[in-house]
Amino acid sequence: MTDFAFRWQGGFPKIGIRPTIDGRRKGVRESLEEQTMNMARSVAKLLSESLRYPNGEPVECVISDTCIGGVAEAAASAEKFARAGVGVSLTVTPCWCYGTETMDMDPSIPKAVWGFNGTERPGAVYLAAVLSGYAQKGLPAFGIYGEQVQDAGDASIPEDVREKLIGFARAGLAVSILRGKSYLSMGSVSMGIAGSIVNDQLFQEYLGMRTEYVDMSEFVRRIDEGIYDPAEFEKALAWVKENCAEGPDNNPTHLQMSRERKDKDWETVVKMTQIARDLMIGNPRLAELGFEEEANGHNAIVSGFQGQRAWTDHFPNGDFHEAILNSSFDWNGIRSPYIVATENDSLNGIVMLFGYLLTNTAQIFADVRTFWSPDSVERVTGHQLSGAAAGGILHLINSGPAALDGTGEQQKDGKPAMKPYWEITPDEAKRCLDATSWRPASVEYFRGGGFSSDYLTRGGMPMTMSRLNLVKGIGPVLQIAEGYSVDLPQDVHDALDKRTDPTWPTTWFAPIVTGKGAFRSVYDVMDNWGANHGSISFGHIGADLITLASILRIPVSMHNVAEERVFRPRAWGLFGTDNAESADFRACANFGPLYK
C-alpha cells in the first residue's frame, strides 16, 4: 500500500489568521491596514516554517481576505475558514478593535489572540477587552502579549511571543487533528485493566472522536480467508528474516517451541501486523483483491489490541505488530508511526497520541514497573547511582511492544534521540533494528507463543512520561513527569533487569524532582502515578501537554514543568492565581468538555 498517499488522504486542518482592526474609517483604519495585515503574514510565515503535519509537510495557514473591523467582516472570515478547513483560530492586532464584534465565536475551535505591545495604539487594551468577552461568553481563549514594548514599525516577533504562538498552534492543531477520527478497540478488556474499558463518552465529549470495535476473531478470519495483501506479506517476511534477529529462548527446555512452530509464528505475527494496520486505516489493495468493505478501515488514528489473555493463551502474542506499527519504519521503509496501545489500554493510547501529535515522533508504551532507590540499587549491585539518577530511577518495561525508536539509536546533534520520520536516515533505522532482538515469548505468560522485542534505551535523552486517568465525578485527569533516560553499567543493568522478564525492552528513567508535592522525590513520583502504564515521549514536552489539556478541559493533577513555561487560556487566572493546579481543576469543571 502507499502509506503517504492513502493514509492522510483526508488532509489536515489549517490555522486561520484573523487580522483585526479599529473599524473607524477616514483616517484611523486606513493608517493601520498595512501594519495589521503584515502582522498576520509574519505569524503565518512563522508557523508554516516552524510546524509540520504528521506527513512531514509544512503547516498551512489561511489569512482572512480583509482586516476585521466589525461583525460583517468577522462573519466573512468565518465562512472562508469553514470552506478552507481551518481548525485553529489566531487573532492578531496592533490596535484597539471592537471586541465582541470582531471575535471568533466558533465554540469548538481552539483560539488565541496576540495583542501587539506598542504605545502608539492600544493593542493591549483590545487584548484585555476581547479576552474578557471570551471569558464572559464561556469561550476560553489564550492571550499572547509580549513583555517588551515594540515600536509601531517593528515587524519582528519577540522570542517570548514566538514561543507562545508556536506552543498554542502546536497544541491547537493536535486537538483539531483528533476531531472526527476514531479509536479502534481490537478486542475488549485485558486482564481486568481499567484503562482497557474503552469509554466512548470520554472520546466523544473530550476529544471529538468516535470509538470503533472489532473482536479479535477478525484477525483469525482475515488470516484464514486471506484478507491481506499476499505480495506485501512475502516482502514483509523477507524483510523480517533479514532485519529482525531472533534472540535466545529463555523458556525451560520442555516448554520451548519447535523451529517449525517458531517459523509459523513469524508468519502469523507478520500477517497480524498487516491486518492491524488495515483495520485502522484501510488499504486500497484489499479492494483490488475483492474485499471492498475491508479496504475502508475504521479511520482510526489510534488503536488498542487486547491480546492477553483471550488471544495469547492460544495465538502468538501481539508484541511484534505493536512494536513495528508504533515504530517509524517497517518493510515499506521509513514512515510515520501508527499508535497502538498494548492491552487495549485506551487511556494510555490517548496520551501516546497526544505525544505523537505534539512531536511527530514515535512513543514508548511501558509499564511503570519498579522504583529503584539508591539504597536498593547499592544493596543489590554494589553500585552507587549518580548524576540524573542520584535520587533513584524508574524501571519502565513492558511485554515487548515498545517502539524500536526507543532504543535511542537515532541521533540529534550527536546525541541519542527519537526523531520525526522525515529526519530518520536508513542507517539510523537499521541501527534501531540491530539494537533489538526478538525473543521467543515467555510461555508462562504467552501460551500461544510469539516474539517480544528486547532492547535497552540509551541514556541521556530528555523524556516526558504522561498518563491519562479517569476519576469518577471528575472525568479525565492528566499526569506529567519530565526527566531523562539513564545509562547504567552493563552488569548493574543485567542484575536489575533479570529480576523481571529480561526478554522485554527496558528504559531506565529518572524524573526531575522539585522537592515538593508529587515531585518531592523519585519515590513520590512512583507513589503518585495513577496507573500501571505510562507513555514516554522524546523531549521535555510537558508545557505543550498542559496547553493541549487545557484546550480539551482536562485538568493536570501532577507535573514538574516550570511555572514560567505553563501556558493556559487567560480565563484560568480568573479561577485563582495563587494555586494554579486547583484553578485548573475549577476552570475545566466550569467550562466542561470541549464537545459536550
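So in this note's numbering, the last spot in the sequence shown is 671, and the numbers never skip. Ideal Cβ positions, reconstructed from N, Cα and C, are used throughout, including at glycine. These numbers come from a predicted model, not from an experiment.
Residue i versus residue j - alpha carbon distance
i    : j    : result
A618 : V426 : 14 angstroms
C172 : N435 : 37 angstroms
G466 : A556 : 15 angstroms
K89  : G648 : 29 angstroms
S512 : I472 : 15 angstroms
E309 : T622 : 45 angstroms
K490 : G475 : 25 angstroms
G424 : G102 : 55 angstroms
E335 : Q383 : 24 angstroms
T286 : N392 : 24 angstroms
R104 : Y201 : 15 angstroms
A658 : A150 : 33 angstroms
M266 : S164 : 43 angstroms
W604 : Q554 : 8 angstroms
G590 : L240 : 31 angstroms
T77  : V344 : Low confidence applies here, because T77 scores a pLDDT of 49, under 50, leaving its location unreliable and the question unanswered by this model.
V315 : K337 : 13 angstroms
L571 : V455 : 8 angstroms
S596 : L669 : 35 angstroms
Under the three-state DSSP convention, the category residue i falls into
i    : result
P449 : helix
P391 : coil
H608 : strand
C172 : coil
H458 : coil
C142 : coil
L126 : coil
S333 : coil
Y310 : Note on residue identity: the sequence assigns Lys, not Tyr, to residue 310. Correct three-state label for K310: helix.
T166 : strand
W341 : helix
R297 : helix
P501 : helix
R352 : helix
M76  : Confidence at M76 is low in this model, with a pLDDT of 43, below 50, so the placement of that residue is unreliable and no value is reported for it.
C663 : helix
F191 : coil
I219 : strand
I399 : helix
In DSSP terms, what residue i is bridged to
i    : result
D529 : S512
D275 : Beta-bridge pairing links D275 to no other residue.
W406 : None, per the DSSP bridge assignment.
N603 : In the DSSP output, where bridge partners are listed per residue, N603 has none listed.
Y258 : T286 and V377
Y559 : P537 and A585
E439 : For clarity, residue 439 is Ile in the given sequence; the question names Glu instead. DSSP lists I611 as partners of I439.
P491 : Q486
N544 : V552
T417 : F380
H470 : T445 and W583
Sub-9 angstroms separation of residue i and residue j beta-carbons
i    : j    : result
G91  : S183 : no
M540 : G614 : no
A662 : R643 : yes
I350 : R297 : yes
D569 : P577 : yes
S421 : S271 : yes
S125 : V134 : yes
M536 : A492 : yes
G379 : A370 : no
R506 : S528 : no
M347 : F278 : no
T500 : T532 : no
R360 : E307 : yes
V377 : L259 : yes
I399 : L479 : yes
R645 : L364 : no
F594 : M633 : yes
S411 : Y496 : yes
R522 : T387 : yes
F366 : F294 : no
For residue j and residue i, believed in contact at Cβ under 8 angstroms, the rounded distance
i    : j    : result
L433 : R245 : 6 angstroms
I219 : G144 : Rounded, the Cβ-Cβ distance is 21 angstroms, inconsistent with contact.
S611 : Q438 : Looking at the sequence itself, residue 611 is Ile, so the reference to Ser does not match. Right, their Cβ atoms sit about 7 angstroms apart.
T166 : R93  : 4 angstroms
A227 : N113 : Not confirmed; about 11 angstroms, so no contact.
Y209 : A203 : At roughly 11 angstroms, the Cβ-Cβ gap does not stay under 8 angstroms, so Y209 and A203 are not in contact.
heavy atom of the ligand NAD below 8 angstroms from residue i C-beta
i    : result
S164 : Of the ligands one can find in the structure shown there are none, so the ligand NAD has no counterpart to examine.
Beta carbon proximity, residue i to chain C, threshold 9 angstroms
i    : result
Y598 : Note that chain C does not occur in the displayed structure, where there is just one protein chain.
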